[in-house]
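Visitor: Below is a structure I'd like to ask you about.
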Amino acid sequence: MDSPTFTALAALPPIHLLCFSSLLGATLYQSFVITKISYRALPMSAFRSLQKQVWPFYFRAQAAFIFATAITIPGDGSLFRSAGTLTCLPHAVALTSALLNTFIFESATRKAMIEVAHQETRDARSQITKDADLNKEQGDETSTTSKQIKKRFSSKHAMCIHLNLVTMGAILAYGWTLASRLN
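First residue of the sequence shown: 11, per my numbering; consecutive thereafter.
Quick look at the structure:
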């Protein structure tokens, strides 16, 4: 009996499945489990410090897994020739939204989060001064500044969240397509 020969094409389906399952698992776990647990378990300053480290790595890894999944789509030897629109479109959408988060919105959100933290420190100092001096005007000014900074953070953070949800939706759509091809 002949032993099976190893070819690069024969390795694509298992590699593809491993890349896709890692992508889906990491996306769901980071988005819905770790973030929620961290938010509840950590003080806000520790939570922010953790998020500043985790999310940049997460978005880079997500983009890399999307790319790896896309280039390992099993087919007839060409990268996307046998892969139809139902296969390519979710990858294009997921990769685009992941790259937008990786290179634009995550860093903008992180910078805004740092501004919020610094403003909260200034507000706390101002509150101490206000209590000591009974100066209401300074408290009102700080409150307005704080609201503006928090609003900027909220809009950037919302964009990051929505892009992550778009990525997740595209990944799930491709997962549905992949599962429908299983016998």
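Yeah, the Cβ is synthetic: ideal placement off N, Cα and C, and Gly gets one too.
On the DSSP letters alone, give me the boundaries of the alpha helix (DSSP H) that Gly35 sits inside.
Guide: That run of the alpha helix (DSSP H) goes 18-38.
Visitor: Exposed or buried, which one is Ser107 when buried takes at least 16 other CB atoms within 10 Å?
Guide: With 16 or more Cβ atoms within 10 Å of its Cβ, Ser107 is classed as buried.
Visitor: For Leu89, which of helix, strand or coil comes out of DSSP?
Guide: In this predicted model, Leu89 has a pLDDT of only 47, less than 50, meaning its place in the structure is not dependable; the value taken from the coordinates is given anyway. DSSP places Leu89 in coil when its eight states are reduced to three.
Visitor: Would you grab the beta carbon distance between Leu33 and Ile76 for me? Rounded to a whole angstrom, and I think it's under 8 Å.
Guide: With 8 Å as the limit, Leu33 and Ile76 qualify as a contact, their Cβ atoms being about 6 Å apart.
Visitor: Once you ignore the five residues that flank Leu22 on each side, which residues in its own chain have a CB closer than 6 Å to its CB?
Guide: The residues are Thr82, Pro84.
Visitor: Within 10 angstroms of its Cβ, does Arg120 collect 16 or more other Cβ (buried), or is it exposed?
Guide: By the neighbour-count rule (16 or more Cβ atoms within 10 Å), Arg120 is buried.
Visitor: For Ile104 versus Thr177, is the C-beta spacing smaller than 7 Å?
Guide: A quick correction: the sequence has Ala, not Ile, at residue 104. Yes, they are a contact pair.
Visitor: Arg58 and Ser122 - do their beta-carbons sit closer together than 7 Å?
Guide: The sequence shown places Ala at residue 122, rather than the Ser named in the question. No, the pair does not count as a contact, with Cβ atoms beyond the cut-off.
Visitor: Going by C-alpha to C-alpha distance, which of Ala56, Ile25, Phe30, Thr95 sits closest to Ala127?
Guide: When each option's Cα is compared against that of Ala127, the closest is Ala56.
Visitor: Is the beta carbon of Thr112 sitting closer than 7 Å to the one on Phe69?
Guide: It is a contact, given that the beta carbons lie within the stated cut-off.
Visitor: Looking at the secondary structure, which residues open and close the alpha helix (DSSP H) in which Ser64 lies?
Guide: The amino acid occupying residue 64 in the given sequence is Val; Ser does not appear at that position. Per DSSP, Val64 belongs to the alpha helix (DSSP H) from 54-81.
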